Amino acid sequence: MATIAHYTAYKPRPFTREERETTTILFGGLTWKHERLVQGALHNLNYKAEPLPNISRADLDAGKEMIDVGACCPTIFTTGNLVNFLKSEVAARSQQEVVNKYVFLTAGACGPCRFGQYNRYHRLILDELGYQDVPVYAPDQDGNFYRELNIVNGNFPRLGWWGICGIDLLEKRLREVRPYEKNPGDAEKVYWEFVHKVCDAVTAKRFPDKELREAKEAFRRVPVNPIGGRPIIGVVGEIYVRSNRFSNENMVKKLEALGAEVRMPTIGEWIYYTNFCNKRKTWERGQIGDYFRTITSDFFQRRDEKKMENIINGDMRSGHEPPVKEIIERAAPYLHDSFEGEAVLSIGKSLEYIAHGCHGIVNAMPFTCMPGTVVNAILKRLRENNSNIPYLHMVYEGAEDTNANTRMEAFVHQAREFMERKDAASSVQPGKSNKGKEAHV
Ligand code: SF4
């Protein structure tokens with residue numbers, strides 16, 4: 407009689423210290439700059455590391471062929487990207503060399519959405535293609551995140567954090583300056599120059615304070631038109647789609663071209679949120695060591711972030727990031743915080759945008775995203791409770807939607823009208839409410 411083999415979760419073999427010399431850690435799946443940062447931090451710890459190439463149309467096509475049709479589009483992108491890269495490596499050398507050379511690092515999680523299944527998909531597909539011996543490491547973002555990250559031990563989380571915070575701040579300044587620049591491309595030139603410099607500082611294990619000071623001055627030197635007069639749009643939604651320009655079809659630039667100024671949650675917000683959830687879970691499970699490890703990391707992360715924010719202080723019109731606890735409290739009337747994941751952050755952040763005078767909300771989500779669908783449903787009520795603030799629901803799946811531009815155009819028009827109504831109600835000249843006097847930001 408056939409015996410039933412019970413399911414056991416995949417566990418990769420340990421990554422040993424000796425392998426550092428010969429094995430390259432492959433990773434990818436967010437944006438080029440964050441990957442460059444992770445690479446710098448890993449090199450710094452004497453690991454060989456290589457980000458996957460930027461996502462392309464070919465990756466999307468390859469991912470669609472291999473992945474179940476119901477999968478979320480970030481999984482499709484990342485799987486196609488990984489497989490295409492490995493295939494190109496095999497074409498240049500032997501399959502055995504490739505198998506011996508690489509391990510794959512991604513993120514894992516447990517919880518209600520499908521994120522925790524990504525790394526299982528990667529495993530299944532690599533097995534099917536004959537890469538059984540390429541291990542997939544997926545540190546759990548929940549309770550064990552910091553401990554599991556010790557497959558790459560040392561100062562990795564701290565160095566990575568400096569880079570994440572530095573780039574978050576540069577992005578904020580870019581989105582505040584670019585819509586008003588006199589010469590198209592000036593703000594982005596400054597931004598990229600300092601993204602590289604911040605990455606270099608992190609690679610050299612140096613806190614990037616000097617680079618941020620210089621970036622502040624460089625952004626000030628960008629010639630700009632008078633600041634303000636544009637509707638402010640707050641973007642919420644799934645972290646991959648809202649951060650990756652290829653997968654969101656350059657949403658921020660499109661909104662800016664239509665006359666808006668855009669706000670976006672930071673990547674750091676997600677790290678703080680995982681800390682928040684980790685603290686709660688590790689405490690409930692009696693994992694006291696992990697609990698205190700998370701509290702300590704959170705403490706130092708906040709301290710480092712504050713130091714960086716103080717450097718840019720005074721120039722940031724979008725203000726400092728609120729503590730995650732505050733965002734979750736704002737969301738409480740609509741969504742209980744036990745419903746963990748991006749939905750509660752998106753709802754809380756939307757309310758924070760509204761409290762700070764935004765004129766429209768965009769929810770960017772991958773096709774069939776579960777938290778994104780919840781957010782969409784709740785935002786309908788939320789906007790009714792907030793003067794019917796214009797709201798746009800953008801669904802991305804990799805195929806360019808020809809309607810998207812028309813919908814965005816109508817949305818920015820509504821946001822402008824909303825701004826003018828608000829201005830009129832507060833007896834300010836229409837369209838002038840956020841107009842500053844400065845020639846430079
Ligand atoms: S957040 Fe959305 S897109 Fe991401 S894994 Fe969960 S359901 Fe999929």
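The sequence shown finishes on residue 847 if you use the numbering used here, and the numbering steps up by one all the way, no holes.
In this text, a Cβ means the ideal position worked out from N, Cα and C, and glycines have one as well.
Predicted, not measured: the structure shown is a model, and the values here were computed from it.
{"Check": "Cβ-Cβ distance between L432 and V504 below 8 Å", "Outcome": "no"}
{"Check": "Inside the region 664-692 only - alpha helix (DSSP H) runs reaching at least 4 residues", "Outcome": "673-690"}
{"Check": "Segment contact, 8 Å Cβ cut-off, at least three pairs: the region 734-748 with the region 608-622", "Outcome": "no"}
{"Check": "Span separating the alpha-carbon of S752 from that of H602", "Outcome": "30 Å"}
{"Check": "Q502 burial status per 10 Å Cβ neighbour count (16 or more: buried)", "Outcome": "exposed"}
{"Check": "The ligand SF4 heavy atom lying under 7 Å from the CB of P796", "Outcome": "no"}
{"Check": "F652: CB within 7 Å of a non-hydrogen atom of the ligand SF4", "Outcome": "no"}
{"Check": "Per DSSP, the bridge partner or partners of H799", "Outcome": "N769"}
{"Check": "Assigned exposure category for F551 - 16 Cβ within 10 Å defines buried", "Outcome": "Because the pLDDT at F551 is just 49, under 50, the model does not fix this residue reliably, and the point stays unresolved."}
{"Check": "G778 beta carbon near the ligand SF4 (any heavy atom closer than 7 Å)", "Outcome": "yes"}
{"Check": "Cβ pair L575, E715 closer than 8 Å", "Outcome": "yes"}
{"Check": "Collapsed DSSP secondary structure at G549 in the structure displayed", "Outcome": "Low confidence applies here, because G549 scores a pLDDT of 46, under 50, leaving its location unreliable; read the following figure in that light. DSSP places G549 in coil when its eight states are reduced to three."}
{"Check": "Status (buried if at least 16 other CB within 10 Å, exposed otherwise) for D710", "Outcome": "buried"}
{"Check": "Contact check, C519 vs G747, beta carbons under 8 Å", "Outcome": "yes"}
{"Check": "F401: CB within 7 Å of a non-hydrogen atom of the ligand SF4", "Outcome": "This structure does not reach residue 401, given that the chain is present from 407 up to 847, and the question cannot be answered."}
{"Check": "The region 694-707 touching the region 776-789, judged by at least three CB pairs closer than 8 Å", "Outcome": "no"}
{"Check": "Own chain, CB closer than 6 Å to C683, minus 5 neighbours either side, in chain order", "Outcome": "E746"}
{"Check": "Three-state secondary structure (DSSP) of E815", "Outcome": "helix"}
{"Check": "Heavy atom of the ligand ATP within 7 Å of R708 beta-carbon", "Outcome": "Among the ligands in the structure shown, the ligand ATP does not appear; only the ligand SF4 can be found there."}
{"Check": "Coil, strand or helix - A624 by DSSP", "Outcome": "helix"}
{"Check": "Distance CB(E727)-CB(G643) smaller than 8 Å", "Outcome": "no"}
{"Check": "K755 burial status per 10 Å Cβ neighbour count (16 or more: buried)", "Outcome": "buried"}
{"Check": "Boundaries of the alpha helix (DSSP H) in which G569 is found, first to last residue", "Outcome": "562-583"}
{"Check": "Identity of the residues DSSP links to A610 by a beta bridge", "Outcome": "DSSP output for A610 lists no bridge partner at all."}
{"Check": "Rounded separation between T779 and A749 - CA only", "Outcome": "9 Å"}
{"Check": "Distance CB(I760)-CB(N811) smaller than 8 Å", "Outcome": "no"}
{"Check": "Length at least 3, wholly inside the region 433-472: the beta strand (DSSP E) runs in chain order", "Outcome": "454-457"}
{"Check": "Local conformation of I645 per DSSP, three classes", "Outcome": "helix"}
{"Check": "Whole-angstrom C-beta distance between A468 and V489, which should lie under 8 Å", "Outcome": "6 Å"}
{"Check": "Distance cut-off 7 Å: P728 Cβ against heavy atoms of the ligand SF4", "Outcome": "no"}
{"Check": "Any non-hydrogen atom of the ligand SF4 within 7 Å of F521 CB", "Outcome": "yes"}
{"Check": "Through-space distance from T609 to G569, alpha-carbon basis", "Outcome": "9 Å"}
{"Check": "Bridge-paired residues (DSSP) for L511", "Outcome": "F433, Y543"}
{"Check": "Run of the alpha helix (DSSP H) containing I633, from where it starts to where it stops", "Outcome": "Note, I633: premise wrong, no alpha helix (DSSP H); not H, not E."}
{"Check": "E594 versus I694: straight-line alpha-carbon distance, rounded", "Outcome": "45 Å"}
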